[in-house]
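A.B. asks:
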Amino acid sequence: MLEITLFYIAATIALAATVLAMTRANAIHALIYLIVSLLAVAVIFFLIGAPFAAALEIVIYAGAIMVLFVFVIMMLNLGEEGDARERGLLQPSIWAGPALLSFLLFAELLYMISTVEGPVSMQAVSAKEVGLALFGPYVLAVEIASMLLLAGLVGSYHLGRRYLEREE
Amino acid sequence: MEGLNIPLNHILLVSSLLFSIGMLGLMIRRNIIFILMSLEVMLNAAALAFVAAGAHWGQPDGQIIFMLILSIAAAEVAVGLGLVLQVQRRFKTLDMDSANRMRG
Amino acid sequence: MAEMVWLVPLIPLLSSVMLMLCSANLPRLLIGLLGVGSVGAAALLTLSIGMDFLADPEPFQLTLWTWMQVSNFSPGIAFYFDGLTLVMMSVITGVGFLIHLFSTEFMEEDASYARYFAYLNMFVAAMLILVMADNLLLLYLGWEGVGVCSYLLVGFWYQNSANGQAARKAFVVTRIGDTAMALGLLLLFTELGTLDIQSMMAVANQQWQVGDTVPLIACLLLLGGAVGKSAQLPLHTWLPDAMAGPTPVSALIHAATMVTAGVYLIARTHDLFLLAPISMMVVALVGLATSLMAAFTALMQSDIKRILAYSTISQIGYMFLALGVGAWAAGIFHLMTHAFFKALLFLGSGAIIHYLHHEHDIFKMGGLRTKMPVTFWSFMIGSAALAALPMTSGFFSKDQILLQAYMMPGAGPWLWLGGLLGALLTAIYSFRLVFVVFFGEAKTEPDGDTGWRMAVPLVMLCGLAMIGGYFIIPVADVFPAVSGEHPAHWVEYVSISVPLIGLLLAYLIFHSRQINMDTLVNSSVGQLLRRFWFGGWGIDWLYDRVFVRPYYLLSGLMKNEPIDAIYGLIVAVNQTFNHWLAEAQTGQMRWYILSMVFGLIVLLTLALQIPLEAL
Amino acid sequence: MVMVNLILILLLGGVLAMLSERLGVNVPRRVALAVVLVDLGYLLSELAGMPALTQLQAPMPDDPSTWLMHFQAQWIPAFGISIELALDGISLLMVLLTLVLGAIAVSASWTDVIVKRGFFEANLLWTLAGVLGVFMALDLFLFFLFWEVMLIPMYFMIAIWGHENRGYAAMKFFIFTQASGLLMLVATLVLVAVNHSATGQWSFSYFDLLNTPMAEQTAHWLMLGFFIAFVVKLPAFPFHTWLPDAHTQAPTAGSVILAGILLKTGAYGLIRFAVPLFPEAALNFSFTAMALGAAGVVYGAVLAFAQTDFKRLVAYSSVSHMGFVLLGVYAWNELALQGAVMQMVAHGFSTAALFMIAGSLQERLHTRDMREMGGLWQQMPRMGAVAMFFVVASLGLPGLGNFVAEFLVLLGLFQVNPWMTAVAALGLITGAIYSLILMQRSFQGEISATLSSKLEGHGLADFAGREMVTMMVMMVALIGLGLYPQPVLDMAKPVLQSLLELTSAEMTP
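From first to last, the protein sequence lines are chains X, P, H and E.
Position one of the first sequence corresponds to residue 1 (my numbering), numbered consecutively onward.
Position one of the second sequence corresponds to residue 169 (my numbering), numbered consecutively onward.
Position one of the third sequence corresponds to residue 273 (my numbering), numbered consecutively onward.
Position one of the fourth sequence corresponds to residue 888 (my numbering), numbered consecutively onward.
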């Protein structure tokens, strides 16, 4: 019972925080809400028996990636006028159409998951099992992920370096 | 504990809601930072669905895909933020629509 | 000697090539020597071969090499030599030599002296090939060769675009005939399997009956070529314009030799024409109609060369009439005498034009009798021969034609009557020319009379025009003998007297002015007729409207490629789609995302509609 | 191996020419000329050891050893694709023509091309290599490959060194030939598939595909695929519209190669592939093909007359002349085919020469517009005389090569369809009209006001030694072809006879 309650609380927090994050004018505020949302999702992971994923969610997602965002936002030094402009853009005339589309998509997703039955297993999948699978049948995926990260590394270095050079 | 487990479709419901919100954000925001955030939300929503499905079957595969998504998100954010810097430098704004030179 | 016959066309050809290749580096004297000498050598060679032949009149054939050999088609570069060839060769080289000699003085001051002789020599070579050819394809080579040379020489003074126009007209109009002739060749080869004239005629005689359709078509196609080259109706319009060339060229090409090629062609292939009596009749009618039409036109012209040009058309019409009634030998005989006296007249007019500063209008001349005696006597003799006054060369040949026309069963007397009318007109216009130019008051002052290089050819041609009628041409073996009853004597008397009447009329009208034509000429009908005849019966006008202008219009309309419009349509459709799709590329991220989401929704909707089992 | 070497020499020579630009701007053209001449010399030296070319054996379709040369090496055995090259009389004729005109084209570009000389000569040599491949390849896949190889360098030649409207012309040329080439590829693949289903073997070899049994409908459509590919290249009415633009805009050497050689690949393809592969379908189609040919003859001539651009006029005259080739091929008897082959050779020379004259005029006057010319004979008598020669050659003066060709075509055609012959013969008249107007507008008449003001009393340079030598080669060739065409006829004869035999079995119902 506790898990279920916790789940609904976490889900509510995640959804609310996300909505708030999407609608903030100030980037830093939005980012904070997003971190909250990610943490809530981490709780859900924990609750459904994926402690390893929950840890990664906190460490990498909420930690590393979001910090990256923070750095960049600080580097850009966005001021008050930026916020005002963002606020001005959040008019119903702008979001009404996309909202309708999003709702339609959501409705379809709902229709699709409506057939799904049954609970999630309470048996936690341990980090060991994940590790075994990762370096067993999924080793190729690891390689691909590493290539991807390398590419990301090189790409961001290239873009960032030019930014810094020009600034000098 | 039997019978009290969290129903899978509730988790998927959360996941789809998150996805839809992320998509909405993607569509209505013009600031690149927010666009990237929206993407993160969407990726995260997908990851949630994977993990939930993995948990449903008691298999590690869902978490593995989650990790792959994680690395995609990391790479994407790294490159994306690099682009943000470039856009800011070139156009002195983060408004995506100002960078529409590729117009066909 | 006979096997040397191939040298006859080769010598002028080589001389021509030499003149072309080193035109800039030769002194004028050498150019003249080369140009005249080569034709002279050819003439001498022809003479000696001719002597041999006359001593032993056996036709012979000489193959140099096989031109091409494809399947059963194997024409050779081969010559055939018989009496007809000899006559033609003698005329070409003999008259040609005199005209070349004349040209050395006529063209003396021209900058393109070498080019002139190169063309003229090439013409002689091509013409010789034409008459010597053993097969129709080689004949066609010569045929087109003379056409090109004629084109080059008519447009010799190319700086004036009117001359170029005339040259192109000459080439294209004859080319129309040539194309018909080429089709005739194709038909003959397809039907008979050979183009060698002798064997072809033999096969034709075996394969076809008199009156068959195929020989008729073939003959009409050949006739097409002949009327083109010989300036007969309906393709005669080029010849008067071709007078734009230097006058000796007119004398050689457009009077003595090339224009009679059609006569030669028909005479050469007479066996085919005998198989198609209808085509013979067509030849006769074309000849007569042309002869009358041109005679009326000549009567109205004021340009000395145009008068002579129409007179040439008219005289060739006589030759066609002769061929059409089966008087082959008479036709060729007239061809020869005509070559003499018409070359004489043209050279005479050339002398006048040369010494009158390129004056062509006869009404601006006058009284030249005393100032240019050599020319005057040339003209007298030439006109007498042209008018067929008794004892001149023209008399003998024309008389024969008229008599044999009369003898033709059926339409004979009518053709004779038409011929007589033509003879009358000929006498009138030829002496009109003489009276207007050489008598009356002097209007211009010539620079003197002819130098020796002009005088010698004139005098020699005078002699030929006088005595040419007594020559006996060795064509008896070539053509079938003329059959038929000799007509009554009165026919002959009438034939003789008509030119005299014409002379008298010309005297009365144009010299003593005892007959005043002014009222007739000035009446409205007279004016109308005058203009009509002056313009050559409006045929040029008609062709201009019916063929030339529509062709210009058509090609002008199509200049920018109508077919491209079809491809342009394809391009336009593609571009429209491209435009539409490009509109979607706004460059706004949100728009792209929006459309992606929309697409996702559509796809998902579609996917959800379809049950999984069906997939 | 000789044939492979021939192609390789040109390909590598191209690279060499490109690199040699570093040694000096005038080096590439010498290298290119040397490469072509070496190639020609190599071929001739190899031929010297062969039996006399005028007494060739008839090349049997089922026996490669009867061919003059034959070369086969595995390439993609899984699909039956091999590097199969062979030479018979017709291909040899075309190869010789290609190399001779190649040398002439290099000479034409001697002073014409100013920028990126090395790359230009390289493209020229690569085009030649592609053309040689087309003329020798007997594997249909390889044939297609070479078909494309000759296209791309040509595209560059037009697009980079062309005249004012080069981009448009190059693109048009590329799209037309590329689209039609793809059509051929599709037809080839289907043909191979049909052959596979009949014999169970994958093969792209000409010899294997010759007797593929197939349904009448299939044969018809496949034949159409090949036909369109080849007549676009030929070009035949109504697929010719790329040609006036491409020829006009190409640099002189490009025009020479386009008109002199590239067009012939289309004709060669028709003779070698389109008809023998589908004899029955071709026979059924022959009336349409001949009608297109006759239409092209007249249409090209009428449009040529209207042009004011010197090169454009010559380009349309090519359309007209190639109509005769189409007529000759589809009349499909020995006379007409010999005429078609003859026309390919003779037209190669006469038109190449006219394009070179156009190029020389452009170089001297900086215009191709005939309204700005006139009276040039006075200024340049040698060029005038040469132009006159080629003009009368192109209007089919007997005694020159083009006449022999046209007459043989008409003669063969007459036996098949006299009425069509009459229509085609109109081309003789219209041909005279446009040829002479070309002469009139450029070399005769008075010098135009624009030109004389441009010249300001300066004279124009007449043809010099190099140009006269080039022209003389072509003049001698045309006179030779016109007066003694027998060697050429003899070379083509056994091939044509064996093709006729091959098809006659299937053509007779």
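Where is the CB? At the ideal position from N, CA and C, for every residue including glycine.
#1: Tell me whether the beta-carbon of H:Thr318 lies closer than 7 angstroms to the beta-carbon of H:Val367.
#2: How about H:Gly500 and H:Gly449: are their beta carbons less than 7 angstroms apart?
#3: Determine which residues share a DSSP beta bridge with H:Thr335 and list them.
#4: Leaving aside the five residues before and after H:Arg578 along the sequence, list all residues of the same chain whose C-beta is less than 7 angstroms from its C-beta, in chain order.
#5: In whole angstroms, what is the alpha-carbon distance linking X:Ser37 and P:Leu186?
#6: Helix, strand or coil: which one does DSSP assign to H:Asn407?
#7: For H:Ser343, which three-state DSSP category applies?
#8: By the criterion of Cβ-Cβ separation under 8 angstroms, what are the contact partners of P:Ala246 in chain X?
#9: Taking the alpha-carbon positions, what's the H:Pro645 to H:Val706 distance?
#10: Would you give the residue range spanned by the alpha helix (DSSP H) that H:Ile448 belongs to?
#11: Can you tell me whether H:Glu676 is helix, strand or coil according to DSSP?
#12: If you compare alpha carbons, which of E:Leu1222, E:Trp997, E:Leu1121 and E:His1127 is closest to E:Gly1235?
#13: Taking just the CA atoms, how far does E:Val1021 sit from E:Gly1215?
#14: For a contact meaning CB atoms closer than 7 angstroms, what does H:Phe849 contact in chain E?
#15: Closest Cβ-Cβ distance between P:Met210 and chain X: below 7 angstroms?
#16: Can you give the Cα-Cα distance for H:Met394 and E:Ala1016, rounded to whole angstroms?
#17: Please report whether the beta-carbon of H:Val869 lies at a distance below 7 angstroms from any beta-carbon of chain X.
#18: Can you say whether H:Ala886 is buried or exposed, counting buried as having 16 or more other CB atoms within 10 angstroms of its CB?
#19: Report the neighbours of H:Leu866 on chain P: residues whose CB is nearer than 8 angstroms to its CB, in chain order.
#20: Flag E:Ile977 as yes when its Cβ comes closer than 6 angstroms to any non-hydrogen atom of the ligand NAD, and as no otherwise.
#21: Using a threshold of 7 angstroms, state whether the C-beta atoms of H:His606 and H:Ser669 are closer than that.
#22: Just to confirm the assignment: which complete alpha helix (DSSP H) runs, minimum length 4, are found wholly within the region 629–714 of chain H?
#23: Using C-beta distances below 6 angstroms, list every residue in its chain close to H:Leu457, excluding the 5 sequence neighbours before and after it, in chain order.
#24: Does P:Arg271 come out as helix, strand or coil in the three-state DSSP assignment?
#25: Under a Cβ-count criterion, where at least 16 other Cβ atoms within 10 Å of its own Cβ denotes burial, should E:Met1229 be classed as buried or exposed?
#26: Report yes if the CB atom of H:Gly603 is closer than 7 angstroms to the CB atom of H:Val555, and no otherwise.
#27: Under a Cβ-count criterion, where at least 16 other Cβ atoms within 10 Å of its own Cβ denotes burial, should E:Pro964 be classed as buried or exposed?
#28: Between the region 303–319 of chain H and the region 347–357 of chain H, do three or more beta carbon pairs fall short of 8 angstroms?
#29: From the DSSP secondary-structure annotation, give me the bridge partner or partners of E:Ala1009.
#30: Mapping the DSSP letters down to three states, classify P:Gln227 as helix, strand or coil.
#31: Any beta carbon of chain P sitting closer than 7 angstroms to that of X:Met22?
#32: For X:Glu86, return the contacting residues in chain P, with the cut-off set at a CB-CB distance below 9 angstroms.
#33: Just verifying my parser: in three-state terms, what is the DSSP assignment at E:Trp997?
#34: Give me the Cβ distance between P:Ala246 and X:Leu150, rounded to the nearest whole Å; I'm assuming they're in contact under 8 angstroms.
#35: Would you list the one or two residues that DSSP bridges to P:Asn199?
#36: Determine the chain X residues that contact H:Leu880 at a beta-carbon separation under 8 angstroms, and present them in chain order.
C.D. replies: Per the coordinate set shown:
#1: no
#2: yes
#3: H:Ala350
#4: Pro512 and Met515
#5: 10 angstroms
#6: H:Asn407 falls in the strand class under three-state DSSP.
#7: coil
#8: Residues of chain X passing the Cβ test: Leu68, Gly152, Leu153, Gly155 and Ser156.
#9: 13 angstroms
#10: Ser433 to Leu464
#11: Per the sequence shown, the amino acid found at residue 676 of chain H is Gln instead of Glu. Of the three classes helix, strand and coil, the one that applies to H:Gln676 here is helix, per DSSP.
#12: The shortest Cα separation from E:Gly1235 among E:Leu1222, E:Trp997, E:Leu1121 and E:His1127 belongs to E:Leu1121.
#13: 21 angstroms
#14: The premise fails here: H:Phe849 is roughly 16 angstroms from chain E at the closest Cβ pair, so nothing lies under 7 angstroms.
#15: For P:Met210, the answer is no, since every Cβ of chain X falls outside 7 angstroms of its Cβ.
#16: 42 angstroms
#17: At a cut-off of 7 angstroms, the C-beta of H:Val869 has a neighbouring C-beta in chain X.
#18: Because the pLDDT of H:Ala886 is 49, which lies under 50, any placement of that residue in the model is unreliable, and the number read from its coordinates should be weighed accordingly. Flag for H:Ala886 reads exposed.
#19: Met195
#20: The model depicted lacks the ligand NAD and carries no ligand whatsoever.
#21: yes
#22: 645–658, 665–679 and 684–710
#23: Leu408
#24: For P:Arg271, the predicted model reports a pLDDT of 43, less than 50, meaning its position is unreliable and no value from the coordinates is stated.
#25: buried
#26: no
#27: exposed
#28: no
#29: In the DSSP secondary-structure assignment, E:Ala1009 is not bridged to any residue.
#30: P:Gln227 falls in the coil class under three-state DSSP.
#31: yes
#32: Arg197, Arg198, Asn199 and Phe202
#33: In this structure, DSSP gives E:Trp997 a state outside helix and strand, which the three-state scheme calls coil.
#34: That pair is no contact at about 11 angstroms.
#35: P:Asp263
#36: What H:Leu880 touches in chain X: Glu108, Tyr111 and Met112.
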